[in-house]
Amino acid sequence: MSRQSALEHLPSDAQIAGDSVVQGYSDRINHAFTFAAKHYAPRASGAGALQYLAAPANVAVILARHGADETTIVAGILHHVLEAAGHDIDDLTLKIGQKFGPAVLGVTLDAVTPAAATDWRHRKRAILTQLVTMEPRALDIRCAAEIHECGGAIALVERLGPEYLEVHEYAPPREVVAWYSDAAQAFGRRVDWPTRAMRIELVALAKRLAALV
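Be aware that the sequence shown starts at 1, since it is given in this note's numbering, and climbs by one per residue.
1. Out of curiosity, what's the CA-to-CA distance linking V112 and L160?
2. Evaluate A47 with the Cβ neighbour count: other Cβ atoms within 10 Å of its Cβ, from every protein chain shown; 16 or more gives buried, anything less gives exposed.
3. Please go through the segment 87 to 123 and give each complete beta strand (DSSP E) segment of 3 or more residues, from N-terminal end onward.
4. Got a sec, what are the start and stop residues for the alpha helix (DSSP H) S181 sits in?
5. Measuring alpha carbon to alpha carbon, tell me which of Q51, D91 and I127 ends up nearest E169.
6. DSSP three-state label for E201, please.
7. So for P162, helix, strand or coil by DSSP?
8. Short check: CB of T108 to CB of A75, under 8 Å?
9. Would you mind giving the Cβ-Cβ distance between I96 and L78, rounded to the nearest angstrom? I have them listed as a contact below 8 Å.
10. With distances taken between CB atoms, is the gap from Y40 to A84 smaller than 8 Å?
11. Rounded C-beta distance between A119 and M134? I'm assuming under 8 Å.
12. Alpha carbon to alpha carbon, how far is A183 from L165?
13. Please classify T133: does DSSP put it in a helix, a strand, or coil?
14. Please determine, among E175, Q185 and P194, the residue with the shortest C-alpha to C-alpha distance to L209.
15. At 4 residues or longer, what runs of the alpha helix (DSSP H) sit wholly inside the segment 23 to 81?
16. To the nearest angstrom, how far is it from the Cα of L139 to the Cα of V81?
Have a look at this one:
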């Protein structure tokens with residue numbers, strides 16, 4: 001078929017406009033990644049730098065696959081920025097509110113958990129406490145982050161062995177497995193949380209990790 005013939009067989013712009021079209025591009029999501037590149041990426045250092053840099057994108061993909069709305073995906077990207085902000089948290093909180101609006105800022109703040117630099121055990125205990133009161137969209141973000149971390153733990157164990165979990169900023173294998181069991185139960189207690197499929201995925205990953213260690 002010639003180029004001209006191929007073009008003639010395409011629907012007109014009017015027909016396309018009348019159809020239900022999935023909007024793949026999001027300016028706000030693009031801006032959120034740009035904001036993270038400016039304020040989050042420079043804080044990466046050490047052996048885990050690449051995993052650190054990939055976290056916002058991985059969480060965004062998981063949220064999108066589970067049907068999260070744009071506000072949740074944007075907040076899912078930006079909450080990493082605030083978790084890593086340190087002394088700049090007030091300034092960055094203000095900037096997020098100005099650039100992305102109060103709805104995104106509210107979900108972002110609700111999803112923020114203690115920084116990754118915090119002791120692993122203390123951080124996870126704090127997260128369990130927060131899961132009791134997080135609003136549903138923040139729960140989506142937290143569960144997506146746990147899915148990403150659990151998937152990363154599985155990949156690490158399969159590649160290097162369970163003894164490397166503690167080396168790579170997790171904890172001893174049994175504690176890591178126990179954590180994902182506790183987290184799944186905590187998500188399950190939130191009957192007001194509609195995104196149950198995310199919990200099902202986390203439970204499946206947790207069982208897979210337990211079988212490996």
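Positions of the beta carbon are idealized from the N, C-alpha and C atoms, including for glycine.
Considering the structure as presented:
1. The residue labelled residue 112 in the question sits at position 112 within the sequence shown. The residue labelled residue 160 in the question sits at position 160 within the sequence shown. Going from the Cα of V112 to the Cα of L160 covers about 30 Å.
2. Position 47 of the sequence shown, counted from the first residue, corresponds to residue 47. Interpretation of A47 is limited by its pLDDT of 48, a score under 50 that renders its predicted location unreliable; the figure taken from the coordinates is listed afterwards. That one is exposed.
3. none
4. In the sequence shown, residue 181 corresponds to position 181, counting from 1. P173 to G188 is the extent of the alpha helix (DSSP H) around S181.
5. Taking the sequence shown and counting its residues from 1, one reaches residue 169 at position 169. Measuring from the Cα of E169, the nearest candidate turns out to be Q51.
6. For the purposes of this step, residue 201 is taken as the residue at position 201 of the sequence shown. The answer is helix: DSSP assigns E201 an H, G or I state.
7. Taking the sequence shown and counting its residues from 1, the one referred to as residue 162 is at position 162. Reduced to three states, the DSSP call for P162 is coil.
8. Indexing the sequence shown from 1 puts residue 108 at position 108. Indexing the sequence shown from 1 puts residue 75 at position 75. Cβ distance < 8 Å, so T108 and A75 count as in contact.
9. Your numbering for residue 96 matches position 96 in the sequence shown. Your numbering for residue 78 matches position 78 in the sequence shown. At roughly 6 Å, the Cβ-Cβ gap stays under 8 Å, so I96 and L78 are in contact.
10. Taking the sequence shown and counting its residues from 1, one reaches residue 40 at position 40. Taking the sequence shown and counting its residues from 1, one reaches residue 84 at position 84. Against a cut-off of 8 Å, the Cβ pair of A84 and Y40 comes out as a contact.
11. As a first step, residue 119 must be located in the sequence shown, where it is residue number 119. As a first step, residue 134 must be located in the sequence shown, where it is residue number 134. In the sequence on display, residue 119 carries Asp and not Ala. The pair is not a contact, with the Cβ atoms about 21 Å apart (cut-off 8 Å).
12. Locating residue 183 in the sequence shown gives position 183, where the first residue counts as 1. Locating residue 165 in the sequence shown gives position 165, where the first residue counts as 1. The alpha-carbon atoms of A183 and L165 are separated by roughly 18 Å.
13. Along the sequence shown, read from residue 1 onward, the residue named residue 133 stands at position 133. Coil.
14. Residue 209 sits at position 209 when you count from the first residue of the sequence shown. Of the listed residues, the one whose Cα sits closest to L209 is E175.
15. 27 to 39 and 49 to 65
16. As a working note, residue 139 is residue 139 in the sequence shown. As a working note, residue 81 is residue 81 in the sequence shown. Taking the straight line from one Cα to the other gives about 17 Å.
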